[in-house]
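Asks: What follows is a structure written as structure tokens; I'll ask about it next.
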Amino acid sequence: MEIRKIIEKNNIELLKQTKSIPKTELEKEEKPILHFAIEKKVSKDFIEELISKGIKTNSFDKKGRNELHIAIINNSGIEMIELLIGKGINMNSNDRKGKTILHLAIKYTKNNQDLMKIIEILVEKGMDIHSKDRKGRTLLNYACQYNSIQIIEFLIGKGLNIHQKTTPSLIFEKSVMSNLHLACKNNSLEVVQYLIEKKFDVNQKTNLHESVLHFACRKNSLEVIQYLIQKGADLKTKTNKNKSPFHFACKSNSLEVINFLFEKGFDANSKTTLGKSLLHSACRKNSLEVIQYLIQKGADLKPRTTQDESVLHLACKSNSLEVIKFFVEKGFDIHQKASFGKTALHFACEKNSLEVIQYLVEKGLDIKAKTNKNETTLHFACGKNSLEVIKFLVEKGVDLHARTNFGKTASNIACQKNSLAVIKFLVEKGVDIYTKTRWGETSLHLASPKNSLDVIQYLVEKGLDINEKTSYNETVLHYASQSSLSLEVIQYLVEKGVDINAKTNYNETSLHLACQNSASISIIQYLIENDVEIDQKTGGKKTAFHLACEYNTFGVIKFLVEKGADINTKNNQNETALHLACRNRSLDAVKFLIEKGLDINAKTNENETIFHYACQTNSLEIIEFLVEKGVDLNAKNHQNETALHYSLQFNSFEITQYLVEGGFDINAKTIHNETPLHFGCWDGGRLETIQYLVEKGADINAKTNRNHTILHYICENSSLEIIQYLVAKGLDINAKANRNETALHFACRSSSSIEIVKYLVEKELYINAKTDFGKTALHFACESNSLEVIEYLVEKGVDIHEKTNSNETALHFACRNNSSFETIKFLVEKGLDINAKTNENQTPLHFALQNNSIDSIQYLISKGADINVVTNRNQTALHFTCQNDSSFGIIKFLVEKGVDLNAKTYQNQTVLHLACQRHLSIEIIEYLISKGVDVNEKNNRNETALHLACQKNSFDVIQYLVSKGADIDMRADGNQTPLHFACWNNVSLSIIQYLVRNGVDVNAVTHTSETALSIAIHNANENVIKCLLDNNANIFKLERKQITKQFIHLFSQLYSFNQDLNNLLKSTDNFSDYQIQSIDSFKFKAHKLILLTRFNNDESVLQRFARICFQKPKEERFSQRRRRKEKEQEKEKEIISQLFKELGFDSNWIDSKKGREGIIKDFEKLYEQNETKDFTIICEKKEIKVHKLILIIRSELFKGMFQLNVQDSSNKVHDYSRKSFETINQLIYFFYHDKFDDTKVTQSIIEEFIDLKDYYQLNQNSIIDLILKDLD
């Protein structure tokens, strides 16, 4: 019986009877056996029995957790924990999030007495209580968050600092929170009271300026909120996004809390920097009661966010029919559009509520409306997989075939979302499932990652090509391997003939992707058994083995080695598998690879050793093992960084301590003169680490090449406690960086707390000090949007009118960096000049317009900001607005205020050019044109608004511009039409079709000889190529370099070329790219003749192409070009002359006008009469034969046959003609498929051919002799 089944039965007797556990069971890729057993709550004795049977200990799951982590999470009890520690399970191990078993114990153990015993036992056994997780949270932070005063007091007794804040790493960038914030986050009044009694500041803020009151309002605890206000919490405090505590309360939907806060004097119309009012927040949470209350208190219904979202849009986002009805009954305009052209109906379809959708349609919302990305309501509904909603939309006439700007149809999205019922319904309704996205993805590609065999089978049965490739050369198997954990899906695809060794543009096979995405051994085994090349390298020179070491389990790594994977290969960064295994924190893999002989001191291109990598991962076990194996401890990377620099960069105290005790140079410098202490302070630092380094002799005043001290680093990353410690140790607080930046500049530049700024000012740092660019502390504070710091600096006497070297004031900085309305208002009220100009002639209003802040813009204009000031680049306020994704409301506001609509920038661009260039909504375009902006105005490059709209894939805008008289054939500087712009930017097919339907010149040629067709060929856009060809795109305007193998292949598919030509293009290397350098010009032209006469039997096509093939080239402008052409012509004549000589013609006949006309005429007749046209070429050797055969038939058989057909129309002649055609076709087939080895077939064909001679009066010897001569 399988070991896991025994564990599930919890039968220890059955386990004892099991003599040994098979190796295959031990190496399964599922979760480790001991983990499985602990989760199944087996007894302590059962675990002991498993270990005695050789089950591996200290194994890790995908979250980096060992057996002790699992035991703690599952509340397995103190005895189990003691047993596991006794069996050698590492109790100091961190999981991938940096959590130790102590962190997890505080979080998961609900019984305080049990928790206390666990912590006491672990601490007694020497566990480090100072460890932090990767979010910078200590055990004390956890205790405060998870409501355990007993544990808090125990940890304080063990020396932990109650005021220590979280210190997030670069990877986990979150709020820097105090323990009081964490207690409020978990709604624990008891802990909040305890901490405030411990002198915690009730108004302290995170680095995002969130106060403890914000946290309490977010959690909706009236008791905690009342207590904090009673203790002096500031009700007017705001975050860096201008959110008040009231915004958080409205989101939390407690009328009781909201009512309490209103009584304290909150403004019902306050907004965040994103323009969200309290009413917006309430709508998002769907409480009609709260919404009605806010309106009663004076909340305005009209304001829209910076994304142009109204309260109705947010109500639709929240799916509340009750709230939506309320707004509609209040007279709300339901037709308003948000940014990107989304209507309320789009939002409703996105949230999938049939009731809401039906109501909005009844109220007149357009079911066919499209967003700026050309998304319809059906696209959104398919994204949510609701068949009920989709049926309703289809019944109401939604466009089933609409495509987004990325080329996705509703069926593409349905396949992506994996709903077979929806897909079948759409197909029944006539939706084309064969369309491709902009990147060449078919519905089959999109369905494959979702692991749904029934959808994939359905699509294959419907005829989707299983080997179709995207523009990145990815097959369906690549997509399945990236995310499918189903062997069944991959087996099905392989059985159906998918190319298992196909490679992407990055040279990745399905095996690479499977190893990279943690596929099981069974999938990897299946791929290898089906002959996927195991050592194939990607574009980055990574093999499957590299990817397994970097991303997968130890079982997969061992399996690949057993299958012969090359373990010594390196990627293009020169990383070995050992480097990657270290990054993956897999001790087993590291041990295994070193045993296999991999170089423990191998270096990457940047001179990083595996020891550097190990120090990044916080895995002391791996580091100790490497040291034991003799790794080079003194190795430095290309920037002279040691392993100690690495450990400090990733904030690991335990590893730092280990390295320093091991003799690492504590003051080692990089090429930038950064010491390990600089690295330790990069991210705000960790007090205990910095204290340790200083005690060990680290130089606290060391400077980098840019003169940065550790003080500059810390001031930028919010740690007053560390600053105070270092200053007490002699750190120079007045040190300046290279640009004359002081610590105060760094503190104001960041999101630092007010405490650091106050501390530095109290230490008498000069408050008006300037950098080399003339920036003061106030400018930096305005940049970081810290009103609290700004107010403090002004109070302390900072010069508010100081300007930088480029003449920017504090108000410019506040407006440019999207500071809160309150910050801008404060600065204006303090007397800053509202129309001050920079060296570029830009006012604060220009900067505010860049950030789309309607409140700030309205305020500045109400205070006298000049809306017609022109910058040095001739940009007005309206240009700035249209250039920066602004809302319709702002544009309308400026126009109503009298801004000059027809002003042009230095590049001659109007506001309409900019609006089309920025892909602004159709609503804005319509408004600007209605106000008289010229639709055909040109910029400096002679581009009109239509050119730019075509560049941005704005179908609705293009339609509107054309309807308003936009010239569809207007030429830009390079002679480009809007169609060229559309083709270059791979826009949706519907735009191309629209332009063509409206008469754009499909054959216009740019100054660089590009046509719309040549551009489409370059982009490999099959749908556009077909559209252009169907609309008379002239192939003869293509240059040789523009005709690619892919185009010819596509051409053959589009116009039903015979299978032989397809086989040729797929298999032969002789004509791999159809370029002039690989085959001579005559042969190349003959190929084109065969291909293009298959496309169209039109007389003009044949005549023009015959001229291309047989006429002398025209005189060229440049002599070098002429000489090359003459040389090609001579070569053509030589080949043609030889052919005609063999056929018995005069070699000079080709030069005569009559001869050329005869060839043209005969070719016309040949292709008109021969219905099958099975002419093809197998290899270069037989290429000339196709021309001979054509000319033989032309000169002999057809000459006689045409004459007879003219003279006699009897049935006998008709039958003989038909028979002759069948015979000729057979002859061609056998001739070009090497069938002449069968003498019987050959003889019968020739005899049948000869039988026709009497009737046709043909010279049999001239024909047969020539054929047999060729065969020899």
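For the record, in the sequence shown the residue sitting at position 579 is 579 according to full-length UniProt numbering, with numbers rising by one throughout. Note that CB positions come from ideal geometry on N, CA and C, so glycine has one too.
Going by DSSP, what residue range makes up the alpha helix (DSSP H) through SER52?
Replies: Unbroken alpha helix (DSSP H) run through SER52: 44-52.
Asks: Would you say THR110 and MET80 are within 8 Å of each other, going by their C-beta atoms?
Replies: Looking at the sequence shown, residue 110 is not Thr but Lys. Contact: no.
Asks: When the distance is taken between beta carbons, is ALA836 closer than 8 Å to LEU811?
Replies: Yes.
Asks: Using DSSP's beta-bridge definition, name the partner residues of LYS770.
Replies: DSSP output for LYS770 lists no bridge partner at all.
Asks: Pull up the CB-CB distance for ILE523 and ILE490, whole angstroms please, since I reckon it's below 8 Å.
Replies: Going by Cβ atoms, the distance from ILE523 to ILE490 rounds to 6 Å, so yes, they are a contact pair.
Asks: Helix, strand or coil for LYS317, going by three-state DSSP, please let me know.
Replies: It is helical.
Asks: Three or more C-beta pairs under 8 Å: does that hold for the segment 387-397 against the segment 421-428?
Replies: Segments in contact, yes.
Asks: Select from ILE824, LYS763 and ASP799 the residue whose C-alpha is nearest the C-alpha of GLU783.
Replies: Selected option, being the one with the closest Cα: ILE824.
Asks: In chain order, what residues of the same chain lie with their CB nearer than 6 Å to the CB of PRO32, ignoring the 5 residues before and after it?
Replies: Answer for PRO32: SER59, listed in chain order.
Asks: Using DSSP bridges, identify the partner residues of SER277.
Replies: Answer is LYS271.
Asks: Measuring CB atoms only, is the segment 623-632 touching the segment 599-608, in the sense that at least three cross pairs come out at less than 8 Å?
Replies: At 8 Å Cβ cutoff, the stretches touch.
Asks: For the alpha helix (DSSP H) holding GLY383, just list the boundary residues, first then last.
Replies: From DSSP, the alpha helix (DSSP H) with GLY383 extends over 377-384.
Asks: Mark GLY141 as exposed unless 16 or more other C-beta atoms lie within 10 angstroms of its C-beta, in which case mark it buried.
Replies: The sequence shown places Asn at residue 141, not Gly. By the 10 Å Cβ count, ASN141 comes out buried.
Asks: For ASN205, which residues does DSSP report across the bridge?
Replies: It is Lys, not Asn, that sits at residue 205 in the sequence shown. Answer by DSSP bridge pairing, in chain order: SER211.
Asks: Reducing DSSP to helix, strand and coil, say where LEU765 ends up.
Replies: LEU765 falls in the coil class under three-state DSSP.
Asks: Based on Cα-Cα distance, which residue from LYS830, LEU979 and THR239 lies nearest to LEU946?
Replies: Looking at the Cα atoms, LEU979 is the closest of the given residues.
Asks: Please classify GLN909 as buried or exposed, where buried requires at least 16 other C-beta atoms within 10 Å of its C-beta.
Replies: Label assigned to GLN909: buried.
Asks: Who are the Cβ neighbours of VAL87 in its own chain at under 7 Å, not counting the five residues just before and after it?
Replies: Before going on, a small fix: residue 87 reads as Lys here, not Val. Hits under 7 Å: ILE51 and THR57.
Asks: In its own chain, which residues sit with a C-beta less than 7 Å from the C-beta of ALA514, not counting the 5 before and 5 after it?
Replies: Excluding sequence neighbours, ALA514 sits near SER481, ILE523, ILE524 and LEU527.
Asks: Helix, strand or coil for GLN17 per DSSP?
Replies: In this structure, GLN17 counts as helix in the three-state DSSP scheme.
Asks: Label ILE857 either buried or exposed according to how many other C-beta atoms from any shown protein chain fall within 10 Å of its C-beta, with 16 as the threshold for buried.
Replies: Classification of ILE857: buried, given that the 10 Å Cβ count is 16 or more.
Asks: By the three-class DSSP mapping on this structure, what secondary structure does ARG65 have?
Replies: Three-state DSSP puts ARG65 in coil, outside helix and strand.
Asks: Thinking C-alpha only, which one of ILE790, GLU755, CYS950 and CYS748 is nearest THR771?
Replies: Checking every option, the nearest Cα to that of THR771 belongs to CYS748.
Asks: Is the segment 211-222 touching the segment 256-267, taking contact as three or more C-beta pairs under 8 Å?
Replies: Verdict: yes, contact present.
Asks: Using C-beta distances below 7 Å, list every residue in its chain close to ASN418, excluding the 5 sequence neighbours before and after it, in chain order.
Replies: These residues qualify, in order along the chain: ALA447, LYS450, SER452 and VAL455.
Asks: For the structure I just gave you, are there three or more beta carbon pairs, one from the segment 343-363 and one from the segment 917-937, closer than 8 Å?
Replies: With the cut-off at 8 Å, the segment 343-363 and the segment 917-937 do not touch.
Asks: Can you give me the C-alpha to C-alpha distance between ILE991 and ASN374, rounded to a whole angstrom?
Replies: So the two alpha carbons sit approximately 11 Å from each other.
Asks: Could you name the residues of the same chain whose beta carbon sits closer than 7 Å to that of GLY1158, not counting the 5 residues immediately before and after it, in chain order?
Replies: At GLY1158 the pLDDT is 49, less than 50, meaning the model places this residue with poor confidence; the figure from the coordinates comes in the next sentence. Hits under 7 Å: none found.
Asks: For GLU764, count neighbouring Cβ atoms within 10 angstroms of its own Cβ and tell me buried if that reaches 16, exposed if not.
Replies: It counts as exposed.
Asks: Between ILE622 and ARG585, which are expected to be in contact by the criterion C-beta below 8 Å, what is the C-beta distance as a whole number of angstroms?
Replies: Yes, ILE622 and ARG585 are in contact; Cβ-Cβ is about 7 Å, under 8 Å.
Asks: Would ALA565 and THR543 be called neighbours here (beta carbons separated by less than 8 Å)?
Replies: Yes.
Asks: Closer than 6 Å by C-beta to ASN942: which residues in its own chain qualify, once you throw out the five before and the five after it? Chain order, please.
Replies: Closer than 6 Å at Cβ, skipping near neighbours: ALA972 and ASP973.
Asks: Tell me the residue span of the alpha helix (DSSP H) that contains THR406.
Replies: What sits at residue 406 in the sequence shown is Phe, not Thr. It is not in any alpha helix (DSSP H) - PHE406 carries neither H nor E in the DSSP assignment.
Asks: Closer than 7 Å by C-beta to ASN552: which residues in its own chain qualify, once you throw out the five before and the five after it? Chain order, please.
Replies: Correct list, in chain order: CYS515 and SER518.
Asks: List the endpoints of the continuous alpha helix (DSSP H) containing THR689.
Replies: Start and end: 687-695.
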